[in-house]
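A short write-up of the structure that comes next.
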Amino acid sequence: MTHLIISRQKSKSDAQSPKYGYYYFTPYVCMLAVFVLTGAAAMAAGAQLNSRVFYYLGLATAVYGILTTAGWALARYVIPGNRVTVARQIIRGLKLKGSEQILDVGSGRGLYAIEAAKKLTTGQVKAIDIWDSKSIKNVAFHHKLSQPTGNTIDNAMQNATREGVAPKIEFRNMDAAHLEYADESFDIVICGFIIGHLWQSQDKVLKEIKRVLKYNARIVLIDNVRDITYFLLSTPHMFLWSWLRGRKAKRLSEQNWFKTIVRANFAIRRWKVRKGIIIIEGKK
Ligand SMILES: C[S@@+](CC[C@H](N)C(=O)[O-])C[C@H]1O[C@@H](n2cnc3c(N)ncnc32)[C@H](O)[C@@H]1O
Numbered sequence: 523m524t525h526l527i528i529s530r531q532k533s534k535s536d537a538q539s540p541k542y543g544y545y546y547f548t549p550y551v552c553m554l555a556v557f558v559l560t561g562a563a564a565m566a567a568g569a570q571l572n573s574r575v576f577y578y579l580g581l582a583t584a585v586y587g588i589l590t591t592a593g594w595a596l597a598r599y600v601i602p603g604n605r606v607t608v609a610r611q612i613i614r615g616l617k618l619k620g621s622e623q624i625l626d627v628g629s630g631r632g633l634y635a636i637e638a639a640k641k642l643t644t645g646q647v648k649a650i651d652i653w654d655s656k657s658i659k660n661v662a663f664h665h666k667l668s669q670p671t672g673n674t675i676d677n678a679m680q681n682a683t684r685e686g687v688a689p690k691i692e693f694r695n696m697d698a699a700h701l702e703y704a705d706e707s708f709d710i711v712i713c714g715f716i717i718g719h720l721w722q723s724q725d726k727v728l729k730e731i732k733r734v735l736k737y738n739a740r741i742v743l744i745d746n747v748r749d750i751t752y753f754l755l756s757t758p759h760m761f762l763w764s765w766l767r768g769r770k771a772k773r774l775s776e777q778n779w780f781k782t783i784v785r786a787n788f789a790i791r792r793w794k795v796r797k798g799i800i801i802i803e804g805k806k
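Below, the structure is given as structure tokens:
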């Protein structure tokens with residue numbers, strides 16, 4: 523595991539290993555402390571002032587902090603295994619020949635692009651993301667937030683360098699809804715946890731992906747699916763949000779993922795649901 527923090531002292535190899543983000547340690551521990559301390563203070567004040575409202579608000583705050591941190595701890599240490607391990611298994615399952623032209627859409631810090639590049643000999647990976655979201659129109663607000671958390675092109679390139687595959691990957695700032703590649707350029711397009719985020723432009727993005735894929739080439743969709751693991755991992759505010767926007771919950775069902783892929787005119791070759799993640803391989 524590359525980013526499991528076991529000891530406080532980081533070894534040199536840890537400092538040089540790639541960092542793919544998500545499930546950060548410090549923010550969640552701080553969040554737990556803030557919610558539990560605030561909650562406990564409100565409960566104490568409620569007891570002192572004989573105010574049930576204060577008391578129960580405090581209790582709710584503390585429980586929220588504990589549930590959120592528990593979801594994070596499950597996600598990081600227990601349920602899906604390491605994100606890198608999962609990505610490696612998915613890439614291994616693609617049985618690459620080594621000569622493929624691959625596009626990684628919504629590359630983030632380059633996890634899927636890098637793992638795919640490791641399997642290539644003469645092939646090449648193009649990795650795109652809206653890293654510089656200011657230069658792209660109509661970017662949803664929550665995507666603008668991903669840059670401050672370290673989802674930058676520099677970090678993606680640094681990871682590629684650390685993994686020794688930088689020459690095999692071209693990173694470009696680009697909107698998935700307007701791919702600047704010619705028709706039929708790629709053998710495989712990987713979409714790792716991006717399509718589920720794109721409520722409005724999902725069909726448009728899939729149409730673009732289809733356009734840049736060669737005849738008979740493959741789309742590999744990796745995304746969240748609403749199963750028991752997803753339920754356990756979801757923090758309370760995510761649940762509230764999904765519940766308020768019931769459509770999201772529907773979108774993340776297994777059946778809906780199939781519909782989305784078929785609607786985009788891909789033939790489903792194989793699929794797998796694994797601990798909160800769906801992997802669908804479709805053919806143009
Ligand atoms: C949840 S992250 C997944 C990152 C990476 N694939 C991984 O699994 O580690 C989703 C990524 O999609 C990117 N993204 C969102 N909308 C996009 C768009 N319209 N075009 C390109 N990338 C987009 C975000 O900036 C973010 O880096």
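Per this note's numbering, residue 523 is the first one in the sequence shown, and the count goes up by one each step.
By construction, the Cβ of each residue, glycine as well, lies at the ideal position given by its N, Cα and C atoms.
Quantities reported herein were computed from a predicted structural model and do not represent experimental measurements.
Cβ separation of residue i and residue j, assumed to be a contact under 8 Å, to the nearest whole Å
i: Gln823; j: Asp709; result: As shown, the chain starts at 523 and ends at 806. That puts residue 823 outside it, with no answer to give.
i: Gly718; j: Asn746; result: 6 Å
i: Asp626; j: Val647; result: 6 Å
i: Ser539; j: Arg684; result: 7 Å
i: Ile801; j: Ile731; result: Not confirmed; about 16 Å, so no contact.
Residues that residue i bridges to, as DSSP identifies them
i: Cys552; result: None, per the DSSP bridge assignment.
i: Gln808; result: A query on residue 808 cannot be resolved here, the shown segment of the chain reaching from 523 to 806 and no further.
i: Glu692; result: Lys648
i: Gly714; result: Ile744
Classification of residue i by the beta-carbon crowding that lies within 10 angstroms, buried from 16 upward
i: Gly630; result: buried
i: Lys806; result: buried
i: Val556; result: exposed
i: Glu692; result: exposed
i: Thr583; result: buried
i: Gly593; result: buried
i: Pro689; result: exposed
i: Leu526; result: Because Leu526 sits at a pLDDT of 32, beneath the cut-off of 50, its placement in the model cannot be relied upon, and the following sentence gives the value as read from the coordinates. The residue in question, Leu526, is exposed, as its Cβ has fewer than 16 Cβ neighbours within 10 Å.
i: Arg785; result: exposed
i: Leu701; result: buried
i: Asp705; result: exposed
i: Lys781; result: exposed
i: Gln724; result: buried
i: Lys534; result: No answer about Lys534 holds up, because its pLDDT of 45 lies below 50 and its placement is not dependable.
i: Ser621; result: exposed
Enclosing alpha helix (DSSP H) for residue i [first to last residue]
i: Phe576; result: Arg574 to Ala595
i: Tyr634; result: Leu633 to Ala639
i: Gly615; result: Arg605 to Gly615
i: Glu706; result: Glu706 -> no alpha helix (DSSP H), and no H or E assigned at all.
i: Gln777; result: Glu776 to Arg785
i: Thr683; result: Ile675 to Arg684
Where the beta strand (DSSP E) through residue i begins and ends
i: Gln623; result: Gln623 to Val627
i: Asp745; result: Leu735 to Asn746
i: Val795; result: Ala789 to Arg796
i: Glu803; result: Ile799 to Lys805
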